[in-house]
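Just so you know, this note's numbering puts 171 at position 181 of the sequence shown, and the rest follows in order with no gaps. Don't be surprised by glycine CBs; every beta carbon is placed ideally from N, CA and C. First up is the structure itself, then whatever we jot down about it.
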Amino acid sequence: MAGVLYIDTSFTKITVKPVHPTFGAEIQVPDWNNLDDDAVREISNACNKYGFCIFRNTGLDDKGHVEFSWRLGELDNIKRFITGERKLRYQYFELFDAGNIADDGSLLDPESTRAHTNRGNQLWHTDSSYNFRRASFSLLRAVELPPKGTGGHTEFADTRTAFVELPDELKKELVKNNYVGCHTLAHSRKLGSPEYFKDLDPSKFPMARHHIAQIHEGSGRVNLYVGAHLHHIEGLSDDESTKLRDTLNKHVAQPKYTYTFEWEQPGDMIMWDNRATLHRAMGGSFAGKYRRDLRRTTVHDDSAGAWGLNSTAGVTALGYQLSNKTLGTPEMTPAISTANPVAVAAAS
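Encoded structure:
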């Protein structure tokens, strides 16, 4: 039944304080240096339940961040991004650079290719929906923050409640047709900086195929898997696809479904479930003036829907070649069943 939690949501190792009527919680962890398996399980369960979790002043360094993340599952890494002029700025390949700092430690040139690429992160999205194997959790930690009052917050949207509150006819349409969305990183990059990427044609790149309405395994609720990486919806004309895609993205982004997280200090960390939320980076007057060093780990999904309708063989993720503004192009073929469990859940 939709809305029924299949996980144990009793918490004895951590303290949980909801921050929004429908999703999100601030979590207090007594000792990050001595987390037993039960505590890690509770943190995972909390994120499944609430969609995103806030951890203040964790005291974690890069090593602790990566080690904790590995306890949640297999991690993605940035090796495919370290090409051409890119260099690794820190020790761990599992850490994605989500800040505005160049490889040499200076403030990133706002007109650089990487800066234009990062503009897509200010659009509502879910991490790795463009990959053959999608992401479950992302964990973003502050290392250095701009002055307070200059922006740089992170915003979340509740895609599970957004599904529940869709107009009835639209909800019935999604359930009946079990639409498949096609995602590519090129689409969000071009949306984020259309003039800079004017010669980039997202339709020329491989698409990761995932159902639009899908069961969130950790809660049993139905989730809208949309966002800026979603290029088109299979089986519809271009006009129909664009209209439905934009309608769903606009619906999810309504203020009643969103929460703005404000970073307070280095060591703050947020963890979110990419299968239950959208998120975006927020701009501000800090841009081009102050350093904002954020580092993220990304956990590979291991749920039944992890691979969507994509091949489970070969390359699982696309890289981005900053030197020539193109994406990698590994072969990708449909290989996963198109069965529709959402129809059963939505009717329950």
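For residue i, three-class secondary structure by DSSP
| i | result |
| --- | --- |
| G171 | strand |
| H201 | strand |
| I68 | coil |
| L78 | coil |
| N264 | coil |
| D15 | Looking at the sequence shown, residue 15 is not Asp but Ala. Looking at A15 - three-state DSSP - the assignment turns out to be strand. |
| Y186 | coil |
| D283 | strand |
| A342 | One cannot answer for residue 342 here, as it falls past the ends of the chain, which runs -9 to 338. |
| R46 | coil |
| F86 | strand |
| R270 | strand |
| L164 | helix |
| L181 | helix |
| N314 | Confidence in N314 is poor, its pLDDT being 47 and thus under 50, which makes the residue's placement unreliable; the coordinate value appears in the next sentence. If DSSP states are grouped into helix, strand and coil, N314 belongs with coil. |
| F1 | coil |
Close Cβ partners of residue i (< 8 Å) along its chain, the five nearest in sequence each way excluded
| i | result |
| --- | --- |
| P256 | A132, V133, E134 and L135 |
| A339 | With the chain covering -9 to 338 only, the question about residue 339 has no answer from this structure. |
| W22 | T48, G49, L50, G54 and F58 |
| G273 | Q112, G141 and G142 |
| E32 | F1, T2, K3 and I4 |
| L160 | T237 |
| V9 | A15, E16, I44 and Y249 |
| N213 | T149, R150, F153, A203, Q204, I205, H206, R265 and A266 |
Same chain, Cβ closer than 7 Å to residue i, five either side skipped, listed in chain order
| i | result |
| --- | --- |
| A176 | L190, P192, F195 and L317 |
| L181 | G110, L113 and A218 |
| Y80 | D52 |
| I72 | L78 |
| K188 | none |
| N314 | Only weak support is given to the placement of N314: the predicted model assigns it a pLDDT of 47, under 50, and the value that follows is read from those uncertain coordinates. Contacts found: none. |
| N38 | I(-3), G208, S209 and D263 |
| A243 | W114 and A147 |
| L156 | H241 |
| Y247 | A147, D148, T151 and A152 |
Classification of residue i by the beta-carbon crowding that lies within 10 angstroms, buried from 16 upward
| i | result |
| --- | --- |
| G225 | exposed |
| W262 | buried |
| S231 | buried |
| A152 | buried |
| T107 | buried |
| D283 | buried |
| D99 | exposed |
| N24 | exposed |
| T116 | buried |
| S96 | exposed |
| D27 | exposed |
| S227 | exposed |
| A29 | buried |
| A271 | buried |
| G171 | buried |
| W253 | buried |
Opening and closing residue of the alpha helix (DSSP H) in which residue i lies
| i | result |
| --- | --- |
| R235 | D228 to V242 |
| H106 | T103 to N108 |
| G249 | Correcting the residue type first, residue 249 is Tyr in the shown sequence and not Gly. From DSSP, Y249 is part of no alpha helix (DSSP H) but of the beta strand (DSSP E) over T248 to F251. |
| F195 | Neither: F195 is in no alpha helix (DSSP H) and is coded neither H nor E. |
| S34 | D27 to Y40 |
| W297 | Where W297 is concerned, there is no enclosing alpha helix (DSSP H), given that its DSSP letter is neither H nor E. |
| W60 | D52 to W60 |
Residues near residue i by beta carbon distance below 6 Å, same chain, minus five either side
| i | result |
| --- | --- |
| Y40 | F13, G14 and A15 |
| S68 | In the sequence as presented, Ser is not what sits at residue 68; that position holds Ile. Excluding sequence neighbours, I68 sits near F83 and F86. |
| R46 | D258 |
| R179 | T107, G110 and F187 |
| T174 | Y120, P192, F195, M197 and H221 |
| N19 | Checking the sequence shown, residue 19 turns out to be Val, not Asn. So the qualifying residues of the chain are I4. |
| D93 | K77 and R79 |
| G89 | R282, D283 and L284 |
Limits of the beta strand (DSSP E) - the one that residue i falls within
| i | result |
| --- | --- |
| V6 | T5 to P8 |
**Item:** Continuous alpha helix (DSSP H) assignments of at least 4 residues falling wholly in the region 114 to 159
**Value:** Within the region 114 to 159, the complete alpha helix (DSSP H) runs of at least 4 residues are 149 to 154.
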